[in-house]
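What follows is a set of notes on a single structure, which appears directly below.
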């Protein structure tokens, strides 16, 4: 009986600690080739995860299951020519689709970081859609 209570307490602690939070990102782009490069950042603007996701049917999807509750931000770009970088013109303007969480856009550069933040909490799956333009 003691083992049962210990196991139950351990499972409850696991669920309450936030280690099972699930965040799923669906990235939509304009073409069906290449890969999406995604960076997940915490509220201190530090990179928490980086992923490279293949594009299929103009979409790329990834799921993270080991996040803790908090505020996060995402930046992503579609590497259409598979050269591993975001191609830009001579003025630094991106030539490949890119986007941020909350689908915010910046004026003459990336958007304010605070506008890209979203909250991860609770015991449900959080789904984030990002349109790359």
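Residue numbers (our numbering): -3 to 129.
Cβ atoms here follow ideal geometry from the backbone N, Cα and C, with glycine treated the same way.
All figures in this text were calculated on a predicted structure; none of them were measured in a lab.
Straight-line Cα distance separating residue j from residue i
| i | j | result |
| --- | --- | --- |
| residue 76 | residue 30 | 4 angstroms |
| residue 109 | residue 69 | 8 angstroms |
| residue 116 | residue 88 | 33 angstroms |
| residue 27 | residue 78 | 13 angstroms |
| residue 129 | residue 72 | 10 angstroms |
Range covered by the alpha helix (DSSP H) that runs through residue i
| i | result |
| --- | --- |
| residue 111 | 109 to 112 |
Whole-Å CB distance - residue i paired with residue j, under 8 angstroms assumed
| i | j | result |
| --- | --- | --- |
| residue 125 | residue 22 | 5 angstroms |
| residue 112 | residue 100 | 6 angstroms |
Endpoints, the beta strand (DSSP E) within which residue i is located
| i | result |
| --- | --- |
| residue 51 | Here residue 51 belongs to no beta strand (DSSP E), and DSSP marks it neither H nor E. |
| residue 121 | 121 to 127 |
| residue 32 | 31 to 38 |
| residue 69 | 66 to 75 |
| residue 100 | Segment: none, residue 100 is in no beta strand (DSSP E) and carries neither H nor E. |
CA nearest to the CA of residue i, picked from the options
| i | options | result |
| --- | --- | --- |
| residue 141 | 62, 64, 80, 40 | The structure shown has nothing for residue 141, since the chain only spans -3 to 129. |
| residue 39 | 127, 63, 58 | 63 |
- Query: Is the number of C-beta pairs between the region 86 to 93 and the region 39 to 58 that are closer than 8 angstroms three or more?
  - Reply: no
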